[in-house]
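Numbering (the working numbering), first residue to last: 72 to 242.
To keep things clear, I will list the structure first and then write my remarks on it.
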Amino acid sequence: RMYLRTLKAAFNRAIDWEYVERNPFCKIKVSKQIKVMPIFLNEYDFQKIVDITNRYSLRELFTVAFYTGMRLGEIVNLRWEDVNLEDRIIVVKNTSTFMTKNKKDRIIPISKKLLEIFYSLKNKIIDSNHGVYVFLGPRRLKFNADYVTKKFKDAVKLSTINQEVHFHTLR
Numbered sequence: 072r073m074y075l076r077t078l079k080a081a082f083n084r085a086i087d088w089e090y091v092e093r094n095p096f097c098k099i100k101v102s103k104q105i106k107v108m109p110i111f112l113n114e115y116d117f118q119k120i121v122d123i124t125n126r127y128s129l130r131e132l133f134t135v136a137f138y139t140g141m142r143l144g145e146i147v148n149l150r151w152e153d154v155n156l157e158d159r160i161i162v163v164k165n166t167s168t169f170m171t172k173n174k175k176d177r178i179i180p181i182s183k184k185l186l187e188i189f190y191s192l193k194n195k196i197i198d199s200n201h202g203v204y205v206f207l208g209p210r211r212l213k214f215n216a217d218y219v220t221k222k223f224k225d226a227v228k229l230s231t232i233n234q235e236v237h238f239h240t241l242r
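Right, dumping it as structure tokens:
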């Protein structure tokens, strides 16, 4: 499909530039792409992943992803200043060090379950000078997205759920 579309477009451009007189691909129909239903992860299967994950901070990170639909990059770059526990909202915004995929800021409500998680995480950093990011990795530094993806996939492999599940499935 992609090769045919590309060749067809290239020959159309060649016609515009008067390199050729006709497009040999103009009568070839490009088949429609079959839409595959996305993989769905229910709470029961998600809980299997969480139960297998041995790091507390990763379990909480996975839970925030599942209940907010945030992208991985948004979660690992989430700062405490963007989490308003009183109003129960998360502000996903563009900064000088992070840009959202669609370059638009948005607000995400915090459910009761997530509120408990955020308060628990907040209490752990009260006496720490490493409190800029919500989720911190092994050395009290911001998580690396590749590390999180690998740990999530490891948990999926150990569980009995569909092995096609990826971190993005949580969205």
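Cβ coordinates follow ideal geometry from the N, Cα and C atoms, glycine included.
In the assembly as shown, S191 is an exposed residue. Its beta-carbon has fewer than 16 other beta-carbons within 10 Å. In the DSSP assignment, P180 is bridged to I160.
Look at L75 here: in three-state DSSP terms it is helix.
About 13 Å separates the CB atoms of F206 and F223; that is not less than 8 Å, and the two are not in contact. For G144, the enclosing alpha helix (DSSP H) begins and ends at L143 to V147. Within the same chain, F137 come within 7 Å of F117 by CB-CB distance, once the 5 residues on both sides are set aside. Here N233 carries a coil assignment [DSSP, helix/strand/coil].
I105 has its alpha-carbon roughly 30 Å from the corresponding atom of R93.
Bridge partners of V154 according to DSSP: I161. Bridge pairing for K213: L207 [DSSP]. DSSP places I110 in the coil class of the three-state scheme, outside both helix and strand.
Secondary structure at I105: coil, using DSSP grouped into helix, strand and coil. In this structure, E131 sits near I188, with a CB-CB distance shorter than 7 Å.
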